């Protein structure tokens, strides 16, 4: 990418892009903050599944926050017109590190959550994840994610104005190809395959399983409906994950192997820049839909949301609201 991009984009276009970015980031940050508050205030949700959901909400908050500081700085540069190159360099690296750490942590948490769900559905009477094991899992998640994100200190740089070079690797050659290929594999391909396999097993088991013990036909029908709903929601989560992160994975492969194509690269500098920005925005949308999907998956969570934020309403009104949400989720 060259500095001619700055000449092709007006200040108003930069500001418009930043406002969109900031709006998505703000919605993602607030919605996931509410998820954490609900779980923290509801003792019934103090279990392994919802602690993992809290960790996922925290990663999504960081994903949202990683773009908010960048958006504010772009608006400042193009309205106040001050030279903030030194601050831009620091902001760019911090934003990149935060994004990649939270991206990796989000993927790893989703994998852990899918495994936990599979175990709880397959062995509802025997499954139990202790707090000690849960703490170890969360520690490993953040340790791996930090290890993946720290190289962004060296692979991002700012040349000229902040927005023109952020998230663009300054180290070329074989290291660049290897590192961004690994990112694409670790942050997209491997998690997608892993979750796809796990959710396939969840779906097959949920559809074909029967309720343990002697139960009436009505109880078996209700059990089957619940399993079908879980299978459907798991499938939706997998598809949304694939859609929201695919552009970033493609962007990683382009950065890794783009120089090898030379003039045959199918993207101009400007187009490649905008593709990178769109990929980030599409990924940011995951921080908004995750709370919605996990709210749909858990009836207890829906009740907890109403108990925390609608406690002044009568029980009848809360039940009516919950029924509407449940019908929408179905």
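Residue numbers (the numbering used here): 2 to 331.
Think of the CB as a built atom: it goes at the ideal place given N, C-alpha and C, for glycine as much as any other residue.
For clarity, every value in this text was computed on a predicted model and none was experimentally measured.
Task: Close beta carbons around residue 254, own chain, < 8 Å, minus the five adjacent residues each side - done: Your numbering for residue 254 matches position 253 in the chain shown. The residues are 181, 182 and 185.
Open item on the list: Using the three-state DSSP reduction, which class does residue 246 fall into: helix, strand or coil?
Closed with: As a working mapping, residue 246 is identified with position 245 in the chain shown. Helix.
Open item on the list: Please return the same chain residues whose Cβ sits closer than 6 Å to the Cβ of residue 321, not counting the five positions on each side in sequence.
Closed with: Residue numbering aside, residue 321 sits at position 320 when the chain shown is read from its first letter. Nothing meets the Cβ criterion.
Open item on the list: Could you check whether residue 58 and residue 130 sit closer than 7 Å to each other, using their CB atoms as the reference points?
Closed with: Residue mapping note: residue 130 aligns to position 129 of the chain shown, counting from 1. Residue mapping note: residue 58 aligns to position 57 of the chain shown, counting from 1. In this structure, residue 58 does not lie closer than 7 Å to residue 130 by Cβ.
TODO: Take residue 236 as the anchor and find which of 250, 199 and 247 has the nearest alpha-carbon.
DONE: Locating residue 236 in the chain shown gives position 235, counting from the first residue. Comparing Cα-Cα distances from residue 236 to each of 250, 199 and 247, the minimum goes to 199.
Open item on the list: Measuring straight from C-alpha to C-alpha, what distance separates residue 326 and residue 191?
Closed with: To locate residue 326, count along the chain shown from 1; it is residue 325. To locate residue 191, count along the chain shown from 1; it is residue 190. Straight-line Cα distance between these residues: approximately 34 Å.
- [ ] Please report the Cβ distance between residue 106 and residue 60, rounded to the nearest whole angstrom; I am assuming they are in contact, meaning their Cβ atoms lie under 8 Å.
- [x] The count along the chain shown starts at 1 and reaches residue 106 at position 105. The count along the chain shown starts at 1 and reaches residue 60 at position 59. Residue 106 to residue 60, Cβ: 4 Å. Contact.
- [ ] Check residue 118 in the structure and name its three-state DSSP category.
- [x] On the chain shown, residue 118 is found 117 positions in, with the first residue counted as 1. Three-state result, residue 118: helix.
Task: Given residue 309 as reference, the closest of 17, 135 and 38 once Cα atoms are compared - done: Numbered from its first residue, the chain shown carries residue 309 at position 308. Checking every option, the nearest Cα to that of residue 309 belongs to 38.
TODO: Locate the alpha helix (DSSP H) running through residue 136, then write down its first and last residues.
DONE: Against the chain shown, residue 136 aligns to sequence position 135. Per DSSP, residue 136 belongs to the alpha helix (DSSP H) from 132–150.
TODO: Give the C-beta separation of residue 111 and residue 196 to the nearest angstrom, bearing in mind that I take them to be a contact with Cβ-Cβ under 8 Å.
DONE: The sequence position of residue 111 within the chain shown is 110, counting from 1. The sequence position of residue 196 within the chain shown is 195, counting from 1. Going by Cβ atoms, the distance from residue 111 to residue 196 rounds to 6 Å, so yes, they are a contact pair.
Task: C-alpha gap between residue 135 and residue 54, whole angstroms - done: The residue labelled residue 135 in the question sits at position 134 within the chain shown. The residue labelled residue 54 in the question sits at position 53 within the chain shown. Cα-Cα distance, rounded: 12 Å.
- [ ] Indicate the three-state DSSP secondary structure (helix, strand or coil) for residue 291 in the structure shown.
- [x] Within the chain shown, the letter at position 290 stands for residue 291. In the structure shown, residue 291 sits in a helix (DSSP, three-state: H, G or I).
Open item on the list: DSSP three-state label for residue 51, please.
Closed with: Numbered from its first residue, the chain shown carries residue 51 at position 50. Helix, per DSSP.
Task: residue 153 beta carbon less than 7 Å from that of residue 97 - done: Taking the chain shown and counting its residues from 1, the one referred to as residue 97 is at position 96. Taking the chain shown and counting its residues from 1, the one referred to as residue 153 is at position 152. In this structure, residue 153 lies closer than 7 Å to residue 97 by Cβ.
TODO: Grab me the residues of residue 178's own chain with a C-beta within less than 7 Å of its C-beta, minus the 5 sequence neighbours each way, in chain order.
DONE: Against the chain shown, residue 178 aligns to sequence position 177. Closer than 7 Å at the Cβ level, and outside the excluded window around residue 178, lie 257 and 258.
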